[in-house]
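To start, the structure under review is shown below, and the notes come after it.
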Amino acid sequence: MAIERSAPGKVILSGEHSVVYGYPAIAVPVCDLRSTTHIVANKNVDSLHIIAPDINKRFILSQTYKDNPLAMAVYLVLEKGNFDLPLGVMTVTSQLPLAAGMGSGASVTVSIIRALSAFLGCEFTNETISQLTFQVEQIYHGSPSGIDNTVITWEKPIYFKKGTPPDFCSIGAPILLVIASSGIQASTREAVKYVQARRAMKPRYFERLFENIGSLTDEACIAIASGNLHVLGEKLTANHRFLKQMGVSHPKLDAMVDAALQAGAIGAKLTGSGQGGNIIALVDEEHCDPVRNSLYQMGSQKVWQTTVASS
Ligand code: PMV
Numbered sequence: 001m002a003i004e005r006s007a008p009g010k011v012i013l014s015g016e017h018s019v020v021y022g023y024p025a026i027a028v029p030v031c032d033l034r035s036t037t038h039i040v041a042n043k044n045v046d047s048l049h050i051i052a053p054d055i056n057k058r059f060i061l062s063q064t065y066k067d068n069p070l071a072m073a074v075y076l077v078l079e080k081g082n083f084d085l086p087l088g089v090m091t092v093t094s095q096l097p098l099a100a101g102m103g104s105g106a107s108v109t110v111s112i113i114r115a116l117s118a119f120l121g122c123e124f125t126n127e128t129i130s131q132l133t134f135q136v137e138q139i140y141h142g143s144p145s146g147i148d149n150t151v152i153t154w155e156k157p158i159y160f161k162k163g164t165p166p167d168f169c170s171i172g173a174p175i176l177l178v179i180a181s182s183g184i185q186a187s188t189r190e191a192v193k194y195v196q197a198r199r200a201m202k203p204r205y206f207e208r209l210f211e212n213i214g215s216l217t218d219e220a221c222i223a224i225a226s227g228n229l230h231v232l233g234e235k236l237t238a239n240h241r242f243l244k245q246m247g248v249s250h251p252k253l254d255a256m257v258d259a260a261l262q263a264g265a266i267g268a269k270l271t272g273s274g275q276g277g278n279i280i281a282l283v284d285e286e287h288c289d290p291v292r293n294s295l296y297q298m299g300s301q302k303v304w305q306t307t308v309a310s311s
């Protein structure tokens, strides 16, 4: 018996960091870049063997620490479903860049939980998958808002507020995004801690920044629903300026945002926790290639494009 399940990546359109403090954020799935878990039963092995070729890892579940995120996802499924340990081989692959703000950790976890629960005869609901993924995310992030596990599990654009059920965005016109990697790996946990420390020193300044980003996010949500991409673009670029003031940008990310705007992007910003990772640029069909080319010229390591379909 064999089973395979996959999960998308994600990008945050608006509201990263402020979302940790209860303000809204908007995230969309990146369905073209996915993590996949494939499980094959094998009665001749004595445990579950886990292979993750992208990160060069291969281990046997019974010989691994429980706080290894891949092992933790497996144990959470076994515990939740009251399942016995399956014997076989689980292979986990991902097309998503690591530590780049595209939700690679949550994507891998969702694919494991979906595949393993299906393999054991009872595929968990999205609510359960998201909740278990959140528990694993706490290892990656420390104090995640919950946005990654939510958007990746439901695979739909969401307007997200910490601690509330997901609110799905309606999309008035397709959103074409160019995503470009700075090539700088950055830790979400460290970036979140950095904002926390700066906020403790300047609470009023940060509250104002968060409020401004919260307002932008609400306006972006209205622009998305009505298909007004020009307004959405303005909100994205304004959001980048606030993230820069927060201290989570990087000279290379700023240069990439400027290059995308000069090449005709409607709006551009860093996405995710920042200090490295990726930017997104909102483009129309005509400017997609020029923006992609200028991002490569600016030293982007990789450039993707994705479309969020209207709904
Ligand atoms: O995983 P990343 O890098 O996309 O960052 C998640 C966004 C933050 O707001 C910085 C953290 C969080 O948990 O919401």
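Going by my numbering, the sequence shown opens with residue 1, and the numbers climb by one from there.
Here a beta-carbon is modelled for each residue, glycine too, at the ideal position from N, C-alpha and C.
So does Gly272 have its beta carbon nearer than 7 Å to some heavy atom of ligand 1?
yes
Between which residues of its own chain and Asp32 is the CB-CB distance below 6 Å, once the five residues before and five after are set aside?
Thr306
Report task. Would you mind listing the alpha helix (DSSP H) stretches within the region 99 to 126 that are 4+ residues and don't spill past its ends, in chain order? Result -> 104 to 119
Answer yes if the region 119 to 136 comes into contact with the region 216 to 228, meaning at least three C-beta pairs across the two stretches below 8 Å, and no otherwise. Under the Cβ criterion (8 Å, minimum of three pairs), the region 216 to 228 does not count as touching the region 119 to 136.
Mapping DSSP to helix, strand and coil, what is Glu207?
helix
> So Val231 packs on Ala238, CB below 8 Å; how close in whole Å?
Replying inline: Going by Cβ atoms, the distance from Val231 to Ala238 rounds to 11 Å, so no, they are not a contact pair.
| request: Use the C-beta contact count for Ile312: other C-beta atoms within 10 angstroms, 16 or more gives buried, fewer gives exposed. | output: Since the displayed the chain opens at 1 and closes at 311, residue 312 lies outside it and no answer follows.
- Message: Using CA atoms only, rank isn't needed, just tell me which of Cys169, Ser130 and Asp258 is closest to Lys80.
- Response: Ser130
> Which residues bound the alpha helix (DSSP H) around Gly264?
Replying inline: From DSSP, Gly264 is part of no alpha helix (DSSP H); its letter is neither H nor E.
Legend entry - Cys31 - containing beta strand (DSSP E), residue span: Ala25 to Ala41
Exercise. Tell me whether Gln275 is buried or exposed, calling it buried when 16 or more other Cβ atoms sit within 10 Å of its Cβ.
Key: That one is buried.
_For Val45 and Met102, which I take to be in contact (beta-carbon distance under 8 Å), what is that distance rounded to the nearest angstrom?_
So it is not a contact: roughly 33 Å between Cβ atoms.
(request) Check whether the Cβ of Gly103 lies closer than 7 Å to any heavy atom of ligand 1, and answer yes or no. (result) The closest heavy atom of ligand 1 lies less than 7 Å from the beta carbon of Gly103.
Cut-off 8 Å between Cβ atoms - residues of its own chain near Asn278, not counting five sequence neighbours on either side: Val11, Pro97, Ala100, Gly101, Met102, Ile179, Ala180, Ser181, Ser182, Leu270, Thr271 and Gly272
query: Hey, out of Ser170, Ala255, Thr150 and Asp258, whose CA is closest to Ala225's CA?
result: For the residues Ser170, Ala255, Thr150 and Asp258, the minimum Cα distance to Ala225 belongs to Ser170.
How about the region 152 to 172 and the region 279 to 299: do they share at least three Cβ pairs that are nearer than 8 Å? no
Problem set entry | Rounded separation between Ser249 and Leu236 - CA only | 14 Å
For Gly9, report the span of its alpha helix (DSSP H) as first-last. Element bounds for Gly9: not the alpha helix (DSSP H) but the beta strand (DSSP E), Ala2 to Ser14.
Would you list the one or two residues that DSSP bridges to Ala180?
Ala180 pairs with Ile279 and Val303.
Inset, instruction - Determine the extent of the beta strand (DSSP E) in which Ile50 is found, giving its start and end residues. - result: Leu48 to Ala52
Quick one: does the C-beta of Asp148 sit closer than 7 Å to a heavy atom of ligand 1?
-> yes
Please classify Ile24 as buried or exposed, where buried requires at least 16 other C-beta atoms within 10 Å of its C-beta.
The sequence given here places Pro at residue 24; Ile does not occur at that position. Within 10 angstroms of the beta-carbon of Pro24 lie 16 or more other beta-carbons, which makes it buried.
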